[in-house]
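Protein chains in written order, with this note's numbering: chain D, 3 to 93; chain G, 754 to 849.
Where is the CB? At the ideal position from N, CA and C, for every residue including glycine.
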Amino acid sequence: MNKSQLIEALAEEGNIPLREASPITDTILGAMVEALASGDSIEIRGFGSFVVKEYDAYTGRNPKTGASIKVPPKKLPFFKVGKDLKEKINK
Amino acid sequence: MNDANLTRKDLARAINEKLGFSKQSAGELVDHVFDSMKSRLLEEEAIKLVQFGTFNIRKKNARVGRNPRTGDTMEICRRSMVSFKPSKGLRERINS
Numbered sequence: 003m004n005k006s007q008l009i010e011a012l013a014e015e016g017n018i019p020l021r022e023a024s025p026i027t028d029t030i031l032g033a034m035v036e037a038l039a040s041g042d043s044i045e046i047r048g049f050g051s052f053v054v055k056e057y058d059a060y061t062g063r064n065p066k067t068g069a070s071i072k073v074p075p076k077k078l079p080f081f082k083v084g085k086d087l088k089e090k091i092n093k
Numbered sequence: 754m755n756d757a758n759l760t761r762k763d764l765a766r767a768i769n770e771k772l773g774f775s776k777q778s779a780g781e782l783v784d785h786v787f788d789s790m791k792s793r794l795l796e797e798e799a800i801k802l803v804q805f806g807t808f809n810i811r812k813k814n815a816r817v818g819r820n821p822r823t824g825d826t827m828e829i830c831r832r833s834m835v836s837f838k839p840s841k842g843l844r845e846r847i848n849s
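The structure is reproduced here in structure tokens:
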């Protein structure tokens, strides 16, 4: 499923035209990106949660050449699937 | 660290304020979006949202694991899990 299919599904489920479903989807995804960009977490009950983890800088190695490289500190978002969805997926 | 947490309520408020849907229908629309995503995942279909990231269903084989507290070995049965890979754009936004 891609974004336009998600918009179609929303239009059908919510009984609204596509031109309304599209900005709704963008508003939701935009707000989620903004939240993570400011370091906030996201918690959608029944679906899952996202948290941003921070990593310190470290010296890594290129596994192919063995050359060591400095990896700068970074932040990465993590998704934890909700309990309900996790159980349903395993049925 | 930051304690702020974005929830369904905040997403509904954004739709209410930006697009003028009533608070109640905004909440229902948020539910429809996540319900649609859930039902696709339950059909083992991946979801690719370019501005956000990709959700995939990954199958894990059964393996022998250990209870880290007691050290007892135990069988971990085969299972499926949802993995999320953030898009390049999202990773860049978070680090900028």
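Under 7 Å between beta-carbons, which chain G residues line up against residue i? List them in chain order, please.
i       : result
Ala39/D : Arg846, Ile847
Lys90/D : Leu795
Just checking: is the beta-carbon of residue i within a distance shorter than 7 Å of some beta-carbon in chain D?
i        : result
Ala815/G : no
Arg725/G : Outside the displayed range of chain G (754 to 849) lies residue 725/G, so it cannot be described from this structure.
Glu798/G : yes
Lys841/G : no
Ala765/G : no
Is there a Cβ of chain G sitting closer than 7 Å to that of residue i, yes or no?
i       : result
Val53/D : no
Asp42/D : yes
In or out: residue i buried (at least 16 other Cβ within 10 Å) or exposed?
i        : result
Pro821/G : exposed
Phe808/G : buried
Ser836/G : exposed
Ala767/G : buried
Ala37/D  : buried
Ile847/G : buried
Asp27/D  : With the sequence shown as reference, residue 27/D is identified as Thr, and Asp is not the correct amino acid for it. By the neighbour-count rule (16 or more Cβ atoms within 10 Å), Thr27/D is buried.
Pro834/G : Looking at the sequence shown, residue 834/G is not Pro but Met. Met834/G is exposed by the Cβ-count criterion.
Val35/D  : buried
Run down chain G in chain order and give the residues with a C-beta less than 9 Å from the C-beta of residue i.
i      : result
Asn4/D : Ile800, Lys801, Leu802, Val803
What residues of chain D sit near residue i, judged by a beta carbon separation below 7 Å?
i        : result
Lys771/G : Thr29
Residues of chain D with CB closer than 8 Å to the CB of residue i, please, in chain order.
i        : result
Ser833/G : Ile91, Asn92
I want to know whether the stretch 778-786 of chain G touches the stretch 69-86 of chain D - three or more CB-CB distances under 8 Å. Because the criterion of three Cβ pairs below 8 Å is not met, the stretch 778-786 of chain G and the stretch 69-86 of chain D do not touch.
Anything in the stretch 800-828 of chain G with a Cβ closer than 8 Å to a Cβ of chain D? List those residues in chain order, please. Of all residues in the stretch 800-828 of chain G, Ile800, Lys801, Leu802, Val803, Gln804, Phe805, Gly806, Phe808, Ile810 have a Cβ within less than 8 Å of some Cβ in chain D.
Under 8 Å: do the stretch 794-804 of chain G and the stretch 836-848 of chain G share three or more Cβ pairs, one atom per stretch? The stretch 794-804 of chain G is in contact with the stretch 836-848 of chain G.
The stretch 8-34 of chain D: positions lying closer than 7 Å to chain G by Cβ: Within the stretch 8-34 of chain D, the residues whose Cβ lies closer than 7 Å to some Cβ of chain G are Leu8, Ala11, Leu12, Glu15, Gly16, Pro25, Ile26, Thr27, Thr29, Ile30, Leu31, Ala33, Met34, listed in chain order.
When you check each C-beta in the stretch 58-80 of chain D against every C-beta of chain G, which residues fall closer than 8 Å? For the stretch 58-80 of chain D, which is checked against every Cβ of chain G, the residues closer than 8 Å are Lys76, Lys77, Leu78, Pro79, Phe80.
The stretch 36-47 of chain D touching the stretch 7-27 of chain D, judged by at least three CB pairs closer than 8 Å: Too few Cβ pairs lie closer than 8 Å, so no.
Could you tell me whether the stretch 45-64 of chain D touches the stretch 755-762 of chain G, using the rule of 3 or more Cβ pairs below 8 Å? By the Cβ test, the stretch 45-64 of chain D is in contact with the stretch 755-762 of chain G, since at least three Cβ pairs between them sit closer than 8 Å.
Are at least three pairs of beta-carbons, each pair with one atom in the stretch 54-72 of chain D and one in the stretch 21-33 of chain D, less than 8 Å apart? Short answer: they don't touch.
Using a Cβ-Cβ cutoff of 9 Å, what residues of the stretch 771-785 of chain G are near chain D? List them in chain order. Listed by position along the chain: Lys771, Leu772, Phe774, Ser778, Ala779, Glu781, Leu782, Val783, Asp784, His785.
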